[in-house]
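Enquirer: Residue numbering for the sequence shown follows the numbering used here, starting at 194 and increasing by one per position.
No residue lacks a Cβ here, since even glycine has one placed at the ideal position from N, Cα and C.
Here it is, the structure in full.
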Amino acid sequence: MKIILSIFLAFFLSACGVKLSLPKEVDLTQEQMKDLNLTYDWYKSYDNAKLNEFLNFVLLNNSDINIARKTLLSALARADLIDYDLYPTLSGNLGFGGDKDL
């Protein structure tokens, strides 16, 4: 009975030790990134007039996308302003004064 139990435990615990192989992520160089057309309208490659019309309508009239775009632009503008506060500012004052007795 101990032999059967030990074989069962060995089989059961060995199933947990399977190593999963994850797909490798492709590393893109700067030149390859420049060649990517990220503003490409992917849906136009389907050559479906109704799909094109619908998605153009949605993109023009979707207030959530417009609000998200404005929020992103304002966050980027604020981030540029925050960068200016990262470095200390130096200031100095030099003066000379003199009095004459009357």
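Are the CB atoms of Tyr236 and Leu253 within a distance shorter than 8 Å?
Expert: Residue 253 sits at position 60 when you count from the first residue of the sequence shown. Residue 236 sits at position 43 when you count from the first residue of the sequence shown. No, the Cβ-Cβ distance between Leu253 and Tyr236 is not below 8 Å.
Enquirer: Tell me where the alpha helix (DSSP H) around Ser284 begins and ends.
Expert: Counting from one through the sequence shown, the residue named residue 284 turns up at place 91. Here Ser284 belongs to no alpha helix (DSSP H), and DSSP marks it neither H nor E.
Enquirer: Roughly how many whole angstroms lie between the Cα atoms of Asp257 and Ser238?
Expert: Mapped onto the sequence shown, residue 257 falls at position 64. Mapped onto the sequence shown, residue 238 falls at position 45. Between Asp257 and Ser238, the C-alpha separation is close to 25 Å.
Enquirer: Secondary structure at Glu218, three-state DSSP: helix, strand or coil?
Expert: Sequence index remark: in the sequence shown, residue 218 carries index 25 (1-based). In the structure shown, Glu218 sits in coil (DSSP, three-state: anything other than H, G, I, E or B).
Enquirer: For Tyr280, which three-state DSSP category applies?
Expert: By one-based count along the sequence shown, residue 280 stands at place 87. Coil.
Enquirer: Who are the near neighbours of Gly328 in its chain, counting only those whose CB is closer than 7 Å to its CB and skipping five residues on each side?
Expert: In the structure as shown, the chain starts at 194 and stops at 295, and residue 328 therefore has no counterpart that could be examined.
Enquirer: According to DSSP, simplified to helix, strand and coil, what is Lys195?
Expert: Taking the sequence shown and counting its residues from 1, one reaches residue 195 at position 2. Here Lys195 sits in helix by DSSP.
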